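To keep things clear, I will list the structure first and then write my remarks on it.
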Amino acid sequence: MNKAVFLDRDGVINEVLTDRVKFVNRPSDLYFLPGVPEAIKKLNAFFDYIFVVTNQGGVGLGFMKESQLNKIHDHMIAELKKEGAIIHDVAYCPHKPKAGCECRKPKPKLILELIKKYEIDLSKSYMVGDTDTDIIAGKKAGIKGVFLGKSDPLADAVFPDLISAVDWIIEDAKA
Ligand SMILES: [Mg+2]
Ligand SMILES: [Zn+2]
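This is the structure:
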């Protein structure tokens, strides 16, 4: 069985709704948050897999094509790889936020599919996100939740950003 960290994308890996970027609709809109490549590299040293699980309602709403979303993810993976940080798979929901689909977080389907595909050990795996829907999706899938922000009622731990969270995640998984 394998250990994994599931990362939300917007607000965890890259900027969203900042001065220079509103939503990420092109590769050039992707700005990594401080310390993210280093954080993923540290997680790579302990965990078998690092996944990205992201709601991308902008596809369903017509702001970007699915092919464009895939280009953004290829770019993200390539840029991180240059820094020695490896993302093993990306799962996304491309549907409209209110479409009622089965994959959009807080539903756990995207996480559950990765758990099955990669034979993930639930007790040694974590969902990291900046909204309550991320934490809820992780809990429904049966994994621990790490919230990035101020507070979250369901999270097992809360940190301001990913780089601040990695040491706790690794120590907790060793316990
Ligand atoms: Mg987010
Ligand atoms: Zn969906």
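First residue of the sequence shown: 93, per my numbering; consecutive thereafter. Backbone N, C-alpha and C fix where the C-beta goes; we use that ideal spot for every residue, glycine too. Please read all numbers here as calculations on a predicted model, not as lab measurements.
In the structure shown, what three-state DSSP assignment does residue i receive?
i	result
L214	helix
M168	helix
G149	helix
G154	coil
A249	strand
F138	helix
G230	helix
L202	helix
K163	helix
E257	Note that residue 257 is Ala in the sequence shown, not Glu. Reduced to three states, the DSSP call for A257 is helix.
Going along the chain, which residues of its own chain have a beta-carbon closer than 7 angstroms to the beta-carbon of residue i, five neighbours each way excluded?
i	result
P119	K163, I164 and H167
Is it the case that the Cβ atoms of residue i and residue j are separated by a distance below 8 angstroms?
i	j	result
A183	V128	no
A257	A265	no
V104	D222	yes
F124	N106	yes
G192	F98	no
Assuming residue i and residue j are in contact, meaning their beta carbons sit under 8 angstroms apart, how far apart are those beta carbons, in whole angstroms?
i	j	result
G176	K242	So it is not a contact: roughly 31 angstroms between Cβ atoms.
Leaving aside the five residues before and after residue i along the sequence, list all residues of the same chain whose C-beta is less than 6 angstroms from its C-beta, in chain order.
i	result
I262	F138
Can you confirm whether the stretch 233-242 touches the stretch 197-215 when touching is taken to mean that 3 or more C-beta pairs between the two stretches lie within less than 8 angstroms?
Yes, the stretch 197-215 is in contact with the stretch 233-242.
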